[in-house]
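Trainee: Before we start, here is the structure in question, set down as structure tokens.
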Amino acid sequence: MCTHLLSQQHRRRLLWEKLRLLQCHFTWNVEFEDQVDVEHLLQFLTYKTEFTPYHNHGTYTALKAFLYHRQKRYCEALKTLKEAEMFLAIDQLTNITCHILLIYGNYAWVYYHLSNYDMTNLYLHRIQRICQMMSSPEPYSVKTGEILAQKGWSLLAAGFRNGPKAKQCFEMALRQDLFNLQFWSGLAVSLYATWEHLQTQEFWGKAKELLEGIVLMQPGNYEMKVYLATLLCRISEQRVNHLLEEVVEQSRNPEVLRKVARLYMFMPQSLPLAISILKEAIALAPTYDILHYDLGMCYRYQMERGSPEERAASFKPAIESFQRAVEVNSLFFDPMLELAKLYGMEVPDQEEEVYANLAEKAPHTSASCRQALCLQWGDFLLQKKGLKDKASEKYMAGLLIAGGHSKEKDQLVSRLVDLAKKFQEESEVGHAEAIRSFLQAQGLREAPAQRQRPWWLSYRALR
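Taking our numbering, the leading residue of the sequence shown gets 580, the next gets one more, and so forth.
Here it is as structure tokens:
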């Protein structure tokens, strides 16, 4: 019995040594914040494959299989990999052998996690034969332009924070095939993603130049048109409106329509149009929770900017939209935070009750969600209850959470710096010194400079 167990462990170890050499989603460090992020990406990829007429269906479907694996839904993972194989035939790709390596790699890993080592070996042998056929110096890996592009598209799908890494993938792919339009499209999106993430003029210019060319060659690529419109927002209102109107008229992709609404949301006098577009997207995809969240945000902004009549008229639809987002996805943290603020407008105690309930769910959410809860709860304690010491405790707790986004961290630091000044002004020197000592211990001696962020990223829950 012991000998058999040791033999199985040895076999598993040998297989793992081979598996880690593969080029697939299991080895590319595609990262997600939490299970809500995984669920959002599954929905996002579903609409990508259903509505995108370009040839990434196999890659996106293989990524869905990887996500199902992350959720321990192994049967769905295997079924989805079969669908990915079918897409390769439907898309009529050249170099189909290169594209199949990703799918075979995912198969091998899924079977490995199911302890089906015979099937793992089967797919490893298939990969090895293909690598030999392509004269690769590595037995289980070959870096063709197609595989590099698959990695780039997968990184972009997982989040635009991966823009710089994806850009490297497409640049390397283009060194192998300079005339591949798909590689140029990937580079255009990765440059746009890098600009959105880093906000530098250099990437703005490069992304704009490439997107102009892609839109010209692929007039039906509505996602690219939205990215181009985003880049042009500050310089050509007429061109932006023309691009967005064309997308709204012709695209049936709920995710693309969401991106259009996101831009209109922050344009002067365009909130009603954003609301109309989101309602159209919801009609196409009623269970896509982030659409309901975005619709709620539109109503919330209407409350902030509108007349007293508009504010009153938007209150109930905002609550209903956020409630619907939570009904569709009970783990979706962001609409719960928005609901807390709206409830607090009428019953302040109910707002704190929501925060207390969210604190119980917080251990199962991402670092940025937990930081956002600390920030918002601290603001409530400070602004509505006047409890400066309790508020500072929440802000400190938020900064002690490892990871997360710079936005929440910057706001937490700013709140503490302002509180320290307020304590000092009110001769509560001990509290002021405690905050300064805490910030110094965290390596945060003063409030960070306000980061320049595009206005359409002023709320959370964005892919």
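Virtual Cβ for every residue (Gly too), placed ideally from N, Cα, C.
In the structure shown, what three-state DSSP assignment does W783 receive?
Mentor: In the sequence shown, counting from the first residue as 1, residue 783 sits at position 204. It is helical.
Trainee: Name the residue from G977, V1008 and E1007 whose alpha carbon lies nearest to the alpha carbon of S993.
Mentor: For the purposes of this step, residue 993 is taken as the residue at position 414 of the sequence shown. Checking every option, the nearest Cα to that of S993 belongs to G977.
Trainee: If we count the other Cβ atoms within 10 Å of its Cβ and call it buried at 16 or more, is S909 buried or exposed?
Mentor: Locating residue 909 in the sequence shown gives position 330, counting from the first residue. By the 10 Å Cβ count, S909 comes out exposed.
Trainee: Counting only the same chain and skipping the five closest in sequence on each side, list residues whose C-beta sits under 8 Å from that of N700.
Mentor: Stepping through the sequence shown from its first residue, residue 700 is reached at position 121. Only L594 meet the Cβ criterion.
Trainee: Considering P851, what are the terminal residues of the alpha helix (DSSP H) in which it resides?
Mentor: Looking up residue 851 in the sequence shown gives position 272. Residues L850 to L863.
Trainee: V1008 by DSSP, collapsed to three states: which one?
Mentor: Position 429 of the sequence shown holds residue 1008. Here V1008 sits in helix by DSSP.
Trainee: Identify, in the order they occur along the chain, each residue of the same chain with its Cβ nearer than 8 Å to the Cβ of L810, setting aside the five sequence neighbours on each side.
Mentor: Taking the first residue of the sequence shown as 1, we reach residue 810 at position 231. If we look at L810 and ignore the five residues flanking it on each side, its Cβ neighbours are Y771, W774, W783, A786, K787 and L790.
Trainee: When you compare the CB positions of Y801 and S830, do they come within less than 7 Å of one another, or not?
Mentor: The count along the sequence shown starts at 1 and reaches residue 801 at position 222. The count along the sequence shown starts at 1 and reaches residue 830 at position 251. Cβ atoms of Y801 and S830: closer than 7 Å.
Trainee: Quick one: which unbroken alpha helix (DSSP H) runs of 4-plus residues sit fully inside the region 749 to 795? Chain order, please.
Mentor: 760 to 777
Trainee: Assuming D873 and L857 form a contact by the criterion Cβ under 8 Å, report the distance between their Cβ atoms to the nearest whole angstrom.
Mentor: Position 294 of the sequence shown, counted from the first residue, corresponds to residue 873. Position 278 of the sequence shown, counted from the first residue, corresponds to residue 857. Between L857 and D873 the Cβ distance is about 6 Å, and since that is below 8 Å, they are a contact.
Trainee: Return helix, strand or coil for F605, following the three-state DSSP convention.
Mentor: Residue 605 sits at position 26 when you count from the first residue of the sequence shown. Three-state result, F605: coil.
Trainee: Output yes or no for whether 7 Å exceeds the beta carbon distance between L680 and L646.
Mentor: Numbered from its first residue, the sequence shown carries residue 680 at position 101. Numbered from its first residue, the sequence shown carries residue 646 at position 67. Their beta carbons are not under 7 Å apart, which means L680 does not touch L646 by this criterion.
Trainee: Are T631 and K643 touching if we call contact CB-CB under 7 Å?
Mentor: Indexing the sequence shown from 1 puts residue 631 at position 52. Indexing the sequence shown from 1 puts residue 643 at position 64. Against a cut-off of 7 Å, the Cβ pair of K643 and T631 comes out as no contact.
Trainee: Out of curiosity, what's the CA-to-CA distance linking T676 and D613?
Mentor: Within the sequence shown, the letter at position 97 stands for residue 676. Within the sequence shown, the letter at position 34 stands for residue 613. Near 33 Å, if we compare the C-alpha coordinates of D613 and T676.
Trainee: Are Q1003 and A1013 touching if we call contact CB-CB under 7 Å?
Mentor: The sequence position of residue 1003 within the sequence shown is 424, counting from 1. The sequence position of residue 1013 within the sequence shown is 434, counting from 1. Taking 7 Å as the Cβ cut-off, Q1003 and A1013 do not qualify as a contacting pair.
Trainee: Applying the criterion that 16 or more other CB atoms from any shown protein chain within 10 Å of the CB defines a buried residue, is G957 buried or exposed?
Mentor: To locate residue 957, count along the sequence shown from 1; it is residue 378. The residue is buried, with at least 16 neighbouring Cβ atoms inside 10 Å.
Trainee: Quick check: the Cα distance between S733 and V721, rounded to an integer number of angstroms?
Mentor: Counting from one through the sequence shown, the residue named residue 733 turns up at place 154. Counting from one through the sequence shown, the residue named residue 721 turns up at place 142. Using only the alpha carbons, I get a separation of about 17 Å.
Trainee: Excluding the 5 residues flanking L753 on each side, which residues of the same chain have their C-beta closer than 6 Å to its C-beta?
Mentor: Here residue 753 corresponds to residue number 174 of the sequence shown, with the count starting at 1. Closer than 6 Å at the Cβ level, and outside the excluded window around L753, lie F762.
Trainee: For the candidate residues D756, V794 and A860, whose alpha-carbon lies nearest to that of N832?
Mentor: Taking the sequence shown and counting its residues from 1, one reaches residue 832 at position 253. Of the listed residues, the one whose Cα sits closest to N832 is A860.
Trainee: Using a Cβ-Cβ cut-off of 8 Å (strictly less than) and excluding sequence neighbours within five positions of L807, which residues of its own chain qualify?
Mentor: Translated into the one-based positions of the sequence shown, residue 807 becomes position 228. Result list for L807: K787, L790, E791, V794 and L822, in chain order.
Trainee: Tell me where the alpha helix (DSSP H) around R890 begins and ends.
Mentor: Residue mapping note: residue 890 aligns to position 311 of the sequence shown, counting from 1. That run of the alpha helix (DSSP H) goes P887 to V907.
Trainee: I need the straight-line Cα distance from I898 to V933, nearest angstrom please.
Mentor: By one-based count along the sequence shown, residue 898 stands at place 319. By one-based count along the sequence shown, residue 933 stands at place 354. Each residue's alpha carbon lies about 14 Å from the other.
Trainee: By the DSSP assignment, the alpha helix (DSSP H) with K722 in it spans what residues?
Mentor: Here residue 722 refers to the residue found at position 143 when the sequence shown is read from its first residue. Element bounds for K722: n/a, residue is neither H nor E.
Trainee: Any idea what DSSP makes of D989, helix, strand or coil?
Mentor: Counting from one through the sequence shown, the residue named residue 989 turns up at place 410. Reduced to three states, the DSSP call for D989 is helix.
Trainee: Between the C-alpha atoms of I980 and H704, what's the straight-line distance to the nearest angstrom?
Mentor: Position 401 of the sequence shown, counting from 1, holds the residue named residue 980. Position 125 of the sequence shown, counting from 1, holds the residue named residue 704. One C-alpha to the other measures close to 44 Å.
Trainee: Roughly how far, in whole angstroms, is the beta-carbon of C953 from the beta-carbon of Y974, given that I think they are within contact range, below 8 Å?
Mentor: Here residue 953 refers to the residue found at position 374 when the sequence shown is read from its first residue. Here residue 974 refers to the residue found at position 395 when the sequence shown is read from its first residue. Sure, about 7 Å apart at Cβ, within 8 Å.
Trainee: Considering only residues of the region 632 to 718, which uninterrupted beta strand (DSSP E) runs meet the minimum length of 3 residues and lie entirely inside it, listed in chain order?
Mentor: none
Trainee: How is F845 classed by DSSP in three states: helix, strand or coil?
Mentor: Along the sequence shown, read from residue 1 onward, the residue named residue 845 stands at position 266. Three-state DSSP puts F845 in coil, outside helix and strand.
Trainee: Please confirm whether C877 and M924 have their CB atoms less than 7 Å apart.
Mentor: Counted from its first residue, the sequence shown places residue 877 at position 298. Counted from its first residue, the sequence shown places residue 924 at position 345. No, they are not a contact pair.
Trainee: Count the other C-beta atoms from every protein chain shown that fall within 10 angstroms of the C-beta of H871, then say buried if there are 16 or more, exposed otherwise.
Mentor: For this step, residue 871 is matched to residue 292 along the sequence shown. Per the 10 Å Cβ criterion, buried.
Trainee: With a threshold of 7 Å on Cβ separation, who are the neighbours of A1040 within its own chain once the five nearest residues in sequence on each side are excluded?
Mentor: Working through the sequence shown from its first residue, we reach residue 1040 at position 461. Since pLDDT at A1040 reaches only 46, below the 50 mark, its modelled position is unreliable, and no value is offered.
Trainee: Restricting to Cα atoms, I'd like to know which of D756, L960 and R740 is closest to S769.
Mentor: In the sequence shown, residue 769 corresponds to position 190, counting from 1. When each option's Cα is compared against that of S769, the closest is R740.
Trainee: Please list, in chain order, all residues of the same chain as T625 whose beta carbon is under 8 Å from its beta carbon, the five residues on each side excluded.
Mentor: For this step, residue 625 is matched to residue 46 along the sequence shown. Correct list, in chain order: K643.
Trainee: If you drop the 5 nearest sequence neighbours on each side, which residues of the same chain put their C-beta closer than 6 Å to that of Q950?
Mentor: As a first step, residue 950 is located in the sequence shown; it is residue number 371 there, counting from the start. Counting only Cβ-Cβ distances below 6 Å, and skipping sequence neighbours, we find G977, I980, G983 and E987.
Trainee: Grab me the residues of E725's own chain with a C-beta within less than 7 Å of its C-beta, minus the 5 sequence neighbours each way, in chain order.
Mentor: The residue labelled residue 725 in the question sits at position 146 within the sequence shown. Taken in chain order, the residues that qualify are N674, C677 and H678.
Trainee: Let me confirm a value: C654 is counted as buried when at least 16 other C-beta atoms fall within 10 Å, else exposed. Which label applies?
Mentor: As a position in the sequence shown, residue 654 is number 75, starting the count at 1. Exposed, because fewer than 16 other Cβ atoms sit within 10 Å of the Cβ of C654.
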